[in-house]
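**Student:**
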Amino acid sequence: MVAAQPSRPPRSTAADSGPENPPARGGQSSRSGPIRSEVARQAILAAAVELLVERGYDNLTIEGIAARAGVGKQTIYRWWKSKSAILAECLLEGLVFPGRLSVPDTGDVRADLATWLTAIGELIEGEHGEGLVRSLIAAATENAEVGRRLRDSISGSGALSARLRAGRGTTPLLGEDAPVDEIADALIGAVLLRALSRAGLDRLAVDRLLVALLGASELPPSFGGAQGLPD
7 MVAAQPSRPP RSTAADSGPE NPPARGGQSS RSGPIRSEVA RQAILAAAVE LLVERGYDNL
67 TIEGIAARAG VGKQTIYRWW KSKSAILAEC LLEGLVFPGR LSVPDTGDVR ADLATWLTAI
127 GELIEGEHGE GLVRSLIAAA TENAEVGRRL RDSISGSGAL SARLRAGRGT TPLLGEDAPV
187 DEIADALIGA VLLRALSRAG LDRLAVDRLL VALLGASELP PSFGGAQGLP D
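Okay, so the sequence shown: first residue is 7 according to my numbering, each after it adds one.
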């Protein structure tokens, strides 16, 4: 489920004349573009999350976001190309699923990744999960900078790759020189592919994926073949 609605700053209809701030992250096509009012930006992001909760992705519109935030549509279009870019920024700002995309660290990298991947699967299969996946893919397609930020946020050095790096040497295929960035990309790619194909990501699928990327461990007999490996 999408996280509880964040508190929203007072609405402002004077977005274009608000205090100037350095260009914010997200759907801007150029860092030399218009400078945002931070109050208006926060109002727009909060409105997008509220309306996503209330109406779902398919019924989310720029017009609705503008009305809820108290700004004009053109203010939004100067800063973001689409609702997908807005939602991508909401995710990157931690307004959607706050804390849910962080990889836990209990000292057991396989268990931590299993917990994280299972949680991601549940989010994708939740009420707004499919719309958010579509949104993120669309936003990354529209703007390469958004795509790079999404990759860094989810699988980069501060998240999944860092957890894999800390777990080197603790599981068969995660040796001291293991390519953790590539393993992180493979995990995220598998998640996205299953999301796009609506294949789901249950615990069995998670276990098979981790065996493929981290090596085998002791698994229940029902998991797969005679050696406890996937068929």
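Glycine residues also receive a C-beta, built at the ideal position from the N, C-alpha and C atoms.
Evaluate LYS79 with the Cβ neighbour count: other Cβ atoms within 10 Å of its Cβ, from every protein chain shown; 16 or more gives buried, anything less gives exposed.
**Tutor:** Counting from 1 along the sequence shown, the entry for residue 79 is found at position 73. LYS79 is exposed by the Cβ-count criterion.
**Student:** Figure out for me which residue from ALA75, ALA120 and VAL139 has the closest Cα to the Cα of LEU199.
**Tutor:** Within the sequence shown, numbered from 1, the residue matching residue 199 stands at position 193. Of the listed residues, the one whose Cα sits closest to LEU199 is VAL139.
**Student:** Report back the beta-carbon spacing between ILE50 and ILE92 to the nearest angstrom; my notes put them in contact at under 8 Å.
**Tutor:** Here residue 50 refers to the residue found at position 44 of the sequence shown. Here residue 92 refers to the residue found at position 86 of the sequence shown. Yes, ILE50 and ILE92 are in contact; Cβ-Cβ is about 7 Å, under 8 Å.
**Student:** Which whole runs of the alpha helix (DSSP H) in the region 79-114 are 4 residues long or more, in chain order?
**Tutor:** List check, alpha helix (DSSP H) in window: 79-85 and 89-98.
**Student:** Using the three-state DSSP reduction, which class does ALA205 fall into: helix, strand or coil?
**Tutor:** Start at 1 with the first residue of the sequence shown, and residue 205 comes out as number 199. Looking at ALA205 - three-state DSSP - the assignment turns out to be coil, as it is neither helix nor strand.
**Student:** Mind checking whether ARG209 and ALA120 have CB atoms under 9 Å apart?
**Tutor:** Start at 1 with the first residue of the sequence shown, and residue 209 comes out as number 203. Start at 1 with the first residue of the sequence shown, and residue 120 comes out as number 114. The answer is yes: Cβ separation under 9 Å.
**Student:** Starting from the C-beta of SER167, find all residues in its chain whose C-beta is less than 7 Å away, skip the five residues before and the five after it, and write them out in chain order.
**Tutor:** Residue numbering aside, residue 167 sits at position 161 when the sequence shown is read from its first letter. Excluding residues within five positions, the ones whose Cβ falls inside 7 Å are SER161, VAL186, ASP187 and ALA190.
**Student:** Which residues bound the alpha helix (DSSP H) around VAL139?
**Tutor:** On the sequence shown, residue 139 is found 133 positions in, with the first residue counted as 1. Looking at the DSSP string, the run of the alpha helix (DSSP H) that includes VAL139 is 135-148.
**Student:** DSSP on SER6, reduced to helix/strand/coil?
**Tutor:** A question about residue 6 goes unanswered here, because the residues of the chain that appear run from 7 up to 237.
**Student:** Measuring from the CB of LEU166, is there a heavy atom of the ligand ATP at a distance below 8 Å?
**Tutor:** Among the components of this structure there are no ligands whatsoever, and the ligand ATP is therefore not found.
**Student:** Assuming ARG74 and LEU57 are in contact, meaning their beta carbons sit under 8 Å apart, how far apart are those beta carbons, in whole angstroms?
**Tutor:** Numbered from its first residue, the sequence shown carries residue 74 at position 68. Numbered from its first residue, the sequence shown carries residue 57 at position 51. That pair is a contact at about 6 Å.
**Student:** What are the boundary residues of the alpha helix (DSSP H) that GLY173 is part of?
**Tutor:** Start at 1 with the first residue of the sequence shown, and residue 173 comes out as number 167. It is not in any alpha helix (DSSP H) - GLY173 carries neither H nor E in the DSSP assignment.
**Student:** What's the call for ASP213, buried or exposed, on a 16-neighbour Cβ count within 10 Å?
**Tutor:** To locate residue 213, count along the sequence shown from 1; it is residue 207. Counting Cβ neighbours within 10 Å, ASP213 comes out buried, since at least 16 surround it.
**Student:** Output needed for VAL115: all residues of its chain with C-beta closer than 8 Å, excluding positions within five of it in sequence on either side, in chain order.
**Tutor:** On the sequence shown, residue 115 is found 109 positions in, with the first residue counted as 1. Counting only Cβ-Cβ distances below 8 Å, and skipping sequence neighbours, we find ARG169, LEU170, ALA172, GLY173, THR176, THR177, LEU180 and LEU220.
**Student:** Would you kindly check if the distance between the Cβ of LEU129 and the Cβ of LEU142 is under 9 Å?
**Tutor:** Within the sequence shown, the letter at position 136 stands for residue 142. Within the sequence shown, the letter at position 123 stands for residue 129. No, they are not a contact pair.
**Student:** Determine the DSSP secondary structure at SER159, reduced to helix, strand or coil.
**Tutor:** The residue given as residue 159 occupies position 153 in the sequence shown. Note: SER159 maps to helix in three-state DSSP.
**Student:** Which residue marks the beginning of the alpha helix (DSSP H) containing ALA75, and which one marks its end?
**Tutor:** Residue numbering aside, residue 75 sits at position 69 when the sequence shown is read from its first letter. 68-75 is the span of the alpha helix (DSSP H), which, as asked, contains ALA75.
**Student:** Classify ALA196 as helix, strand or coil using the three-state DSSP reduction.
**Tutor:** Indexing the sequence shown from 1 puts residue 196 at position 190. Helix at ALA196.
**Student:** Please return the same chain residues whose Cβ sits closer than 7 Å to the Cβ of GLN34, not counting the five positions on each side in sequence.
**Tutor:** Against the sequence shown, residue 34 aligns to sequence position 28. With a pLDDT of 42 at GLN34, under the threshold of 50, the modelled position of this residue cannot be trusted, and the question is left open.
**Student:** May I ask you to report which of helix, strand or coil DSSP gives GLY153?
**Tutor:** Numbered from its first residue, the sequence shown carries residue 153 at position 147. It is helical.
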